[in-house]
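Visitor: Shown below is the structure under consideration.
Residue numbers (my numbering): 12 to 271.
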């Protein structure tokens, strides 16, 4: 029995050591605030250029050049969460380049990537089940711009249906809280975000937003209005003194309960 026991102990030790190493890698990656940039810049883009297979990304679009490109990467968190990441160096929502008149519409690219979610889930998603979010500079863990693409939390979707009558083409405070926070909201009549960039709509339409973009979180949720398809745009400005770091990702559900 002793040789067998010794072999079992050796196997357990090997497994434990592997887990420690894996944990160290994960911890290192978690502490690297440019991890997403390194993945896209050092792996996905070179792989796309070399062989058209942008591993580990799902897709990389360089049709407009690397300065205007976008990568779609499966997030480690969630069963169907993806990230839309520029292939140029942009820090986050506060990057002034996003408000330029000729800036790429990263939101439109993110919305188009919902097909990757559907592939993961094995089913077609109604537009109302899909949301996109970018967190404020205070709430994010990465300093490379990335838009989260995932399912909407069921209770958020239900609340927005009930309060759809409050939405207009202007930014206005919602009368209810979402995930415990007050958001300003507006309706956007565009089925695919063509010609409508949420970054500029927020900066130009919500008083004070342009001067405080680093404190803003922005969420775009697919909607089906009575007269046409569009989006509900939501924004919240961080207020650390009130415990609000503007983490719009809270409105998403990484378990995708809404599709069940």
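The beta carbon of each residue, even a glycine, is placed where N, CA and C say it ideally should be.
This structure is a prediction, so every number in the text was calculated from the model and none was measured.
When you compare only the Cα positions, how much space is there between residue 253 and residue 193?
Guide: Using only the alpha carbons, I get a separation of about 12 Å.
Visitor: Taking a contact to mean a Cβ-Cβ separation below 7 Å, would you say residue 165 touches residue 269 in this structure?
Guide: Closer than 7 Å, so yes.
Visitor: Using the Cα positions of residue 73 and residue 100, report the straight-line distance between them to the nearest angstrom.
Guide: One C-alpha to the other measures close to 14 Å.
Visitor: By the three-class DSSP mapping on this structure, what secondary structure does residue 262 have?
Guide: In this structure, residue 262 counts as helix in the three-state DSSP scheme.
Visitor: By Cβ distance below 7 Å, which residues in the same chain neighbour residue 200 in space, the five residues on each side in sequence not counted?
Guide: Excluding positions up to five away in sequence, the list reads 239, 241.
Visitor: Do residue 98 and residue 69 have their CB atoms nearer than 7 Å?
Guide: Cβ atoms of residue 98 and residue 69: not closer than 7 Å.
Visitor: Does DSSP put residue 174 in a helix, a strand or coil?
Guide: It is coil, neither helix nor strand.
Visitor: Would you mind sorting residue 208 into buried or exposed? The rule is 16 or more other CB atoms within 10 Å of its CB.
Guide: Result: buried.
Visitor: So residue 225 and residue 59 are in contact, right, with Cβ under 8 Å, and what is the actual spacing, rounded?
Guide: That belief does not hold up - the Cβ atoms of residue 225 and residue 59 are roughly 31 Å apart, past 8 Å.
Visitor: Please classify residue 116 as buried or exposed, where buried requires at least 16 neighbouring CB atoms within 10 angstroms.
Guide: Result: buried.
Visitor: With hydrogens ignored, establish whether the beta-carbon of residue 231 is closer than 6 Å to any heavy atom of the ligand NAP.
Guide: Within the structure as shown, the ligand NAP is missing, as the structure has no ligands at all.
Visitor: Taking all protein chains shown into account, decide if residue 146 is buried (16 or more other Cβ within 10 angstroms of its Cβ) or exposed.
Guide: By the neighbour-count rule (16 or more Cβ atoms within 10 Å), residue 146 is buried.
Visitor: When the distance is taken between beta carbons, is residue 47 closer than 7 Å to residue 157?
Guide: Yes, the Cβ-Cβ distance between residue 157 and residue 47 is below 7 Å.
Visitor: For residue 125, does the count of other Cβ atoms within 10 angstroms reach 16, so buried, or fall short, so exposed?
Guide: So residue 125 counts as buried.
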